[in-house]
Structure formats: structure tokens, C-alpha cells
Amino acid sequence: MSSPYLWIILTLLCIGVQGFYSMMEMAAVSFDRIRLQYYVSKGVKRAIWLQSLLERPSRLFGTIMLGVNIALQVGSQSSREVYKALHLNPDWAPLTQVFLVVIFGELAPLFAARRFSLQVVMWGIPFLYATEKILTPFIWIIGAVNRLLSRIIGKKDEGLEVFVSRDELKQVLESHEEEDEFNIVVSNIFSLRNKSAYDAMIPLQQFPMIPMQSTITQLRHFLHSTSQSFVPLYHQKRENVVGIAFARDYLRKTTTSSLKEHSRSPWFLPSSTKLLSILAQFRQNQQTVAVVLDPNGSAVGILTLDAILEEIFGKQEGVESPKKIPVIERTFPGSTKIVDFNRQFGVKLPSHGVETLAELLTTLLEHPPEPGDAVIVDSFEITAEETTLLDAKTVHIKTLDT
């Protein structure tokens, strides 16, 4: 076997084997343990193989040690044979061998494994697992020698804890005592990368909104009758969102203050934006509400930070989501009782201490209504149509969600 080419191929092959085992060692210890537990819960075979090796670290590192050292010895001798075949002094072989091993057998694989641990593990674990099975007798001998030496020096064999502890899990997620509940949360987190703003938003048709020309008095009545802490403002049509009015911003404002003046500028997001990206943006810009736009630039929904958290942790007890509001647009006699209206449409129009729709309109206007006078109550716009000297004969009620 005097041809240098065969020895060169064998030398490079040994360096490649060293690089593989070095890369697998770094990838295995760098692999996200929570992600690993998620894959194991899903029955991913390669994740199960990795878990079995991590649970028995002596086998994992024993396999890597044997693989690296065997390749190192064979590769070193092959490099000497290359120099001999080229009629050079084989004692110079370490000069090139050390350089090749350090760069291509150690540093480059370690950097790659550190950066792409998931891809490296999923690609290489079948080969590493098969090697571990083949080298099991040798690994068992090494393990026995290690245990014997540990007993001689008086050190207990405590094993190696390779999975995150309960305290470490608490730092990543909130405490989850039940494994099934934990797996659901982890699964929800990873599913966020496949979900967009459109998947978690509340459509405008289901979200209470008010016109920007509404008064602060009307806003207060509106917020008092809903569980929302904010309300989007629109101009002329609902798709044209111009502001977000938060209840806390109007606590000390006079009723004569402009509603639009104290509202906050809306934060717009394309409907295709991924939820993971939005979650990071919520944190960076300290926003809690976003207006979702369709490809044409029209508002189609409202996305809140709470909605994304519900995607992860599920709906929390005691937290109400905006309920669907029936679409109403019709004229009613002013004498219609509020309780009858609520019973007919399954809504909760607040009475404000009065009995009929006409009385409600007069109370909120604080003066006898004239044709065209309107107020906003909950998610409805109530407009006086026919009026008498003291109240409204007929009123037109329109759902603001249409």
C-alpha cells in the first residue's frame, strides 16, 4: 500500500470521524432540554435515542471518547504513511496533522454543533446510537474501571443529572406540577412559530368599537358596560382605526376634553406576522394592543398580548374574552322596555336606572332628545328618530360591530 492517495483518503476520513464525534458531543450537551422533552413526548425516535444516551452519560461520553481516540490513532499513523509514500521524513507528519485535526476535527465541528445543535443531533444521533451499541462491551469495561477507581478514592457514584431540575424549569416557564400540563404549554410555545396574527386576532366584527367623535361621557358609559379596558376608535368606517382609548387615560379628564386628543396611536401589524415575532415586539415597544391589517391595508382585527398568552397557557379562569355581539340595526318604539330588549336579543344593555329605551336615551343625553341625537351604550348606537317634546317616540339601534 505505497500509494500516497490511499493514505491521504484514510487520514482525511479519520479526521472526519473525529470531527463527527466532537460535533455530536457538543450538540448533545447543548441541545435544549425543554425542546428535547417536548420531542420525546411526541414520540420522536431520534429524540428518544438522545434521551437514552443522556440518561446514561457514561455510555454517551465513553462512545465519543473511543470514537475520537481510535480515529486519532489511526489518522496519526496514516499521516506518517503519507509522508513515507512521498519519500519525506514521517517525523514531520504531526506538523500538518495537528493543524488539520485542530481546525477540522475540533474547532469547526464544535462551532457548527453549538450553532446548529438541533440539526446536528437529528442528523447524527442514529450513527452515534449505533456506535454505542457496537462498543457496549468496551464501554462497560471502562465504566467498571471508573466505578472501581471511584470506590478506591472513596467517592460515591452519584451519577450525572442531565435534565433540568424543577427550579430550572420555573425560570423558563411558570411552575407546572403536572407533566401533561407542562407538555401542553411547551407544545403551545413551539406551535407559535406556525401561527400568525390572523390566527389569534379578534375580528373587528366581534370587537366593541366607537366612533372617534364620541364624547368622553359616552366612552365612560361604554367602558362601564363592557369588560374591556380599552376601545378602538374609528373614523367613518370601522376598517379605519385611528386610535386606541384606554380607560386609565381618561380617569381625570373632563367631559369636554377631546376623545381623540388623549387616545393612543394604534400599532399596526400585517396579518401574516408570526406570533413569536409579535411577542418579542410587544416586549420591545411595551405595547399590549395591535391592529391587524389585511394585504390591502384595511383593519381586520384586534390582537392583544393577552390573546397570545392564551395561545400558550390557555384561557385563564376569571378572564373573559370579548363575546360575540348579535348584529342589530332596526327601529324600536321608545316605549320598548330595556329588559324586553335584552331578553329578545340575548344582550345586556345597561338600564342606568330607567325602564324604557326612550328614557335611557334622555338620561344619557341629559336633555330631551332631538331627531338625530345619538348615544353609545355598550356596543350599540342609539339614535333618536321621531321625538316628542320630552322624549323619543322611536329610536334606531345599531350594533357597532356591523
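Quick note on our numbering: the sequence shown kicks off at 1 and runs consecutively.
All C-beta atoms in this analysis are idealised placements derived from N, C-alpha and C, irrespective of residue type, glycine included.
Using only the alpha-carbon positions, how far apart do residue i and residue j sit?
i      : j      : result
Ser272 : Ala197 : 6 Å
Asp378 : Met122 : 55 Å
Thr96  : Gly105 : 13 Å
Trp267 : Pro295 : 16 Å
Gly16  : Val292 : 50 Å
Cys14  : Pro4   : 15 Å
Glu355 : Phe332 : 14 Å
Phe20  : Leu12  : 12 Å
Leu50  : Leu10  : 29 Å
Ile328 : Arg283 : 38 Å
Pro211 : Tyr234 : 5 Å
Phe246 : Thr304 : 13 Å
Ser229 : Ala47  : 45 Å
Leu275 : Gly297 : 19 Å
Gln73  : Ile312 : 51 Å
Thr288 : Ala200 : 14 Å
Ala392 : Ser277 : 51 Å
Gly314 : Arg193 : 17 Å
Pro368 : Lys237 : 28 Å
Pro126 : Pro208 : 55 Å
Phe222 : Phe345 : 19 Å
Ala85  : Ile141 : 38 Å
Glu132 : Leu149 : 23 Å
Leu389 : Thr362 : 11 Å
Gln108 : Gly75  : Here residue 108 is Ala; the residue named in the question, Gln, does not match the sequence. Between Ala108 and Gly75, the C-alpha separation is close to 18 Å.
Leu110 : Pro90  : 29 Å
In three-state DSSP terms, what is residue i?
i      : result
Arg56  : coil
Lys45  : helix
Thr215 : coil
His396 : strand
Asn194 : helix
Gly346 : coil
Leu169 : Its pLDDT being 46, under 50, Leu169 is placed unreliably by the model, and nothing is read from it.
Leu259 : coil
Ile125 : helix
Ile210 : strand
Leu291 : For clarity, residue 291 is Val in the given sequence; the question names Leu instead. Looking at Val291 - three-state DSSP - the assignment turns out to be strand.
Gly301 : strand
Leu86  : coil
Thr11  : helix
Glu366 : coil
Thr387 : strand
Ile103 : helix
Ser78  : helix
Taking 7 Å as the cut-off, decide whether the C-beta atoms of residue i and residue j are in contact.
i      : j      : result
Val395 : Leu365 : no
Ile244 : Arg220 : no
Trp7   : Val82  : yes
Gly124 : Ser58  : no
Ala113 : Val120 : yes
Ala93  : Ser78  : no
Gly301 : Leu204 : yes
Glu370 : Thr387 : yes
Glu385 : Lys398 : no
Glu25  : Ile64  : yes
Leu259 : Ser191 : no
Val375 : Gln218 : yes
Phe61  : Ser117 : no
Val241 : Ala299 : yes
Leu66  : Leu135 : yes
Ile308 : Leu269 : no
Val68  : Gln18  : yes
Quick check on the DSSP output: the beta strand (DSSP E) that includes residue i runs from which residue to which?
i      : result
Ala247 : That residue, Ala247, is in no beta strand (DSSP E); it is neither H nor E in DSSP.
Ser230 : Reading the sequence as shown, one finds Phe at residue 230 and not Ser. Where Phe230 is concerned, the enclosing beta strand (DSSP E) stretches over Phe230 to His235.
Val375 : Ala374 to Val377
Pro333 : Glu329 to Pro333
Thr383 : Phe380 to Ala384
Using the DSSP secondary-structure output, state which residues sit across from residue i in a beta bridge.
i      : result
Arg264 : Ile244
Ile202 : Ile302
Glu359 : In DSSP, Glu359 forms no bridge with anything.
Lys274 : Ser196
Lys337 : Thr356
Leu269 : Val292
Which residues bound the alpha helix (DSSP H) around residue i?
i      : result
Pro94  : Ala93 to Leu100
Gly143 : Thr136 to Ile152
Pro371 : Where Pro371 is concerned, there is no enclosing alpha helix (DSSP H), given that its DSSP letter is neither H nor E.
Phe31  : No alpha helix (DSSP H) holds Phe31; DSSP gives it neither H nor E.
Phe111 : Ala108 to Arg115
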